[in-house]
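**Student:**
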Amino acid sequence: MFFKDHPALVTAALSALLIAARLLSIARFDVSTAATILQTSGTATAVAGTTLTLLPFALMVATCLLAVVVLIDPSLINLSPGWAWTLFSLALGATLCLTATALVVATVAVVVVVAVIGRYVRRNSRTVHIAEAVASSRLLRIQLTVLLVVAAMTPIILQRPWLPVQTITMTDGKLRVGYVLGESQGALVLMSEADRSIEFLDPDNVKSRAICSGPPAVSGALRKAPQLEFRGSFLGALLWGRNTPRYPPCPKGQ
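Once you know that position 209 of the sequence shown is 272 in my numbering, the rest is easy, because the numbers rise by one and skip nothing.
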């Protein structure tokens, strides 16, 4: 198969597709805005930013998948029980240490549900083969495909950009809330938080800049979706307590 014969090429293509999808989602699927982000920030920054924002979700998915392997269906992945438990422990530990508190709670909840199902299966001496069940059922294949697409697109679409949102005060007293992408021909390139439009500001007209925090401004179908800002972690709270970055809320209007 092509996937097995050219793993490096497939990985590179998937990585490029992931970065492109992330850029387009940040730009609200406006190609001009996405191109401006890439041109101003640079390819290396886009790659690093995509990795930084998607790594916590990748750890969460890996932990949940390995939980299914070790607690319900060991045949799902061709690993010895020892290696499966080792990888599950490492993934769970990395999730607890490196991801935001909200994602940790969600991961632990999924693992607990999987553990309960696995205990029920073992008590009833049942053998579960998820791959065979999916292969034999068209409905399950459709449901699994939808689940995978939703799981893949949710962190890409709902997350904020990797740059910090800033409040920019102009010399005339007006405020701008958005993401500073960099400088282009002496102008400050700002992407608006509200609609992700690009604006070029004269640095001489900028009075002050400050990082702020708060839920992103959205409308349309995503207006009622939970708008979470993934900040903080159990490891950070354990090591530094309250001595972690805290920023004032962003102003409502621009």
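No residue lacks a Cβ here, since even glycine has one placed at the ideal position from N, Cα and C.
For the candidate residues 136, 99, 312, whose alpha-carbon lies nearest to that of residue 185?
**Tutor:** For the purposes of this step, residue 185 is identified with residue 122 of the sequence shown, where counting begins at 1. Residue 185 has its Cα closest to that of 136, out of 136, 99, 312.
**Student:** For a test of the three-state rule: what should DSSP assign to residue 274, helix, strand or coil?
**Tutor:** Translated into positions along the sequence shown, residue 274 becomes position 211. Here residue 274 sits in strand by DSSP.
**Student:** Can we say the segment 112-129 touches the segment 241-251, given the rule of at least three CB pairs closer than 8 Å?
**Tutor:** No contact exists between the segment 112-129 and the segment 241-251.
**Student:** Report buried or exposed for residue 104, applying the criterion of at least 16 other Cβ atoms within 10 angstroms of its Cβ.
**Tutor:** Sequence index remark: in the sequence shown, residue 104 carries index 41 (1-based). When all chains shown are included, residue 104 counts as buried.
**Student:** Can you tell me which of the three DSSP states residue 64 falls into?
**Tutor:** Against the sequence shown, residue 64 aligns to sequence position 1. Unreliable positioning characterises residue 64 in this predicted model, as indicated by a pLDDT of 48, which lies under 50. A coordinate reading is not provided.
**Student:** Inspect the CB distances between the segment 222-241 and the segment 266-278 and report whether three or more fall short of 8 Å.
**Tutor:** Because the criterion of three Cβ pairs below 8 Å is met, the segment 222-241 and the segment 266-278 touch.
**Student:** I'd like to know whether the C-beta atoms of residue 252 and residue 238 end up nearer to each other than 9 Å.
**Tutor:** Within the sequence shown, residue 252 is the residue found at index 189, counting from 1. Within the sequence shown, residue 238 is the residue found at index 175, counting from 1. Going by C-beta atoms, residue 252 is not nearer than 9 Å to residue 238.
**Student:** Assuming the contact rule is C-beta atoms closer than 8 Å, residue 100 and residue 254 should be a hit. Round their C-beta distance to whole Å, please.
**Tutor:** Against the sequence shown, residue 100 aligns to sequence position 37. Against the sequence shown, residue 254 aligns to sequence position 191. That belief holds up - the Cβ atoms of residue 100 and residue 254 are roughly 7 Å apart, short of 8 Å.
**Student:** Which of the three DSSP states, helix, strand or coil, is assigned to residue 247?
**Tutor:** One-based indexing of the sequence shown puts residue 247 at position 184. Note: residue 247 maps to strand in three-state DSSP.
**Student:** Identify which residue in 205, 303, 177 has its Cα closest to the Cα of residue 132.
**Tutor:** Taking the first residue of the sequence shown as position 1, residue 132 is located at position 69. Answer by Cα proximity: 177.
**Student:** In angstroms with no decimal places, state the Cα-to-Cα distance between residue 182 and residue 175.
**Tutor:** Here residue 182 is taken as the residue at index 119 of the sequence shown, counted from 1. Here residue 175 is taken as the residue at index 112 of the sequence shown, counted from 1. In a straight line, the C-alpha of residue 182 is about 10 Å away from that of residue 175.
**Student:** Quick check on DSSP: helix, strand or coil for residue 183?
**Tutor:** As a position in the sequence shown, residue 183 is number 120, starting the count at 1. Of the three classes helix, strand and coil, the one that applies to residue 183 here is helix, per DSSP.
**Student:** Specify the secondary structure class of residue 256 as computed by DSSP and reduced to three states.
**Tutor:** Position 193 of the sequence shown, counted from the start, is the residue given in the question as residue 256. Three-state DSSP puts residue 256 in coil, outside helix and strand.
**Student:** Excluding the five sequence neighbours on either side, which residues of its own chain have a C-beta within less than 7 Å of the C-beta of residue 64, listed in chain order?
**Tutor:** For the purposes of this step, residue 64 is taken as residue 1 along the sequence shown, with counting starting at 1. Only weak support is given to the placement of residue 64: the predicted model assigns it a pLDDT of 48, under 50, and the value that follows is read from those uncertain coordinates. Nothing meets the Cβ criterion.
**Student:** Output the distance between the C-alpha atoms of residue 73 and residue 190, rounded to the nearest integer angstrom.
**Tutor:** The residue you call residue 73 lines up with position 10 of the sequence shown. The residue you call residue 190 lines up with position 127 of the sequence shown. Roughly 34 Å separates the two Cα atoms.
**Student:** Is DSSP giving residue 206 helix, strand or coil here?
**Tutor:** If you number the sequence shown from 1, residue 206 lands on position 143. Of the three classes helix, strand and coil, the one that applies to residue 206 here is helix, per DSSP.
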